[in-house]
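*Asks:* Numbering (the working numbering), first residue to last: 1378 to 1584.
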């Protein structure tokens, strides 16, 4: 018969490692609520055209001064706006018909001592520079004339709306920060989805 001797069990983790693991779990669990502060989408307006939906919006309480200091230290940021056109379906999940993404990439030029803001939607990208972080905040906190292309025309008997949210992430963290903060979520700003006023194909603009 084979050897029935039991194998030695795995040694329990040292107490300090257990406390470290619990700390990581707690921080990872609470971090999203800490990072998601008062930022929100406001002043969302929609204009309906035959071939596209055009929208404008504002990001309230965008990027505190601490984020500006991180960018000055070389941690570039990507701020994304997501816009989704939806059709209302009574007593069911609303249908997503089309979408658009806008990206603002913010970095700091150490040679010229200025911020560089690259605005991109689709294949189009424009760049602007700013010496003060307050000007950067102004540049990235407003959406103007963002288009959602329509592959099919809207039906007059249906009701639609546009949902918008914003999310900011670090483009690339220094290695030593990635090593220490590997357990933290990468999103540093995230807003809830904000819906426009409902509209139909016959209306040309929603407040």
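Glycine is no exception: its CB is placed at the ideal position from the N, C-alpha and C atoms.
Quick one: what does DSSP say residue 1567 is sitting in, helix, strand or coil?
*Replies:* DSSP places residue 1567 in strand when its eight states are reduced to three.
*Asks:* Using DSSP with H/G/I as helix, E/B as strand and the rest coil, what is residue 1555?
*Replies:* In this prediction, residue 1555 scores a pLDDT of 42, lower than 50, which makes its location untrustworthy; the coordinate-derived value is nonetheless stated afterwards. Helix, per DSSP.
*Asks:* Decide if the region 1533-1544 is in contact with the region 1428-1436; the criterion is three or more beta carbon pairs, one per stretch, under 8 Å apart.
*Replies:* Taking 8 Å as the limit for Cβ pairs, the verdict is that the region 1428-1436 does touch the region 1533-1544.
*Asks:* How close, in whole Å, do the beta carbons of residue 1430 and residue 1568 come, if the pair is a contact with beta carbons under 8 Å?
*Replies:* In fact, because the Cβ distance is near 20 Å, the residues do not count as touching under 8 Å.
*Asks:* DSSP has residue 1454 in a bridge; who is on the other side?
*Replies:* 1483 and 1547, per the DSSP bridge assignment.
*Asks:* Taking the Cβ atom as the reference point for each residue, do residue 1516 and residue 1494 lie within a distance shorter than 7 Å?
*Replies:* Yes, these two residues count as a Cβ contact at 7 Å.
*Asks:* Put residue 1466 into one of helix, strand or coil per three-state DSSP.
*Replies:* Note: residue 1466 maps to coil in three-state DSSP.
*Asks:* Counting along the chain, where does the alpha helix (DSSP H) carrying residue 1517 start and finish?
*Replies:* Run containing residue 1517: 1510-1517, per the alpha helix (DSSP H) assignment.
*Asks:* Going by Cα to Cα distance, which pick from 1455, 1438, 1453 and 1471 is closest to residue 1572?
*Replies:* Comparing Cα-Cα distances from residue 1572 to each of 1455, 1438, 1453 and 1471, the minimum goes to 1471.
*Asks:* To the nearest angstrom, how far is it from the Cα of residue 1505 to the Cα of residue 1534?
*Replies:* Their backbone Cα atoms lie some 43 Å apart in a straight line.
*Asks:* Within a Cβ cutoff of 7 Å, which residues of the same chain sit near residue 1532, ignoring the five residues on either side of it in sequence?
*Replies:* Excluding sequence neighbours, residue 1532 sits near 1578.
*Asks:* Just to confirm, is the Cβ distance from residue 1479 to residue 1523 under 7 Å?
*Replies:* Yes, the Cβ-Cβ distance between residue 1479 and residue 1523 is below 7 Å.
*Asks:* Helix, strand or coil for residue 1586? Go by DSSP, reduced to three states.
*Replies:* Outside the displayed span of the chain (1378 to 1584) sits residue 1586, for which this structure offers no information.
*Asks:* By Cβ distance, which residues of its chain are closer than 6 Å to residue 1570, with the 5 residues on each side in sequence left out?
*Replies:* 1540 and 1542.
*Asks:* The alpha helix (DSSP H) spanning residue 1448 covers which residue range?
*Replies:* Taken as a continuous stretch (DSSP letters only), the alpha helix (DSSP H) holding residue 1448 covers 1442-1449.
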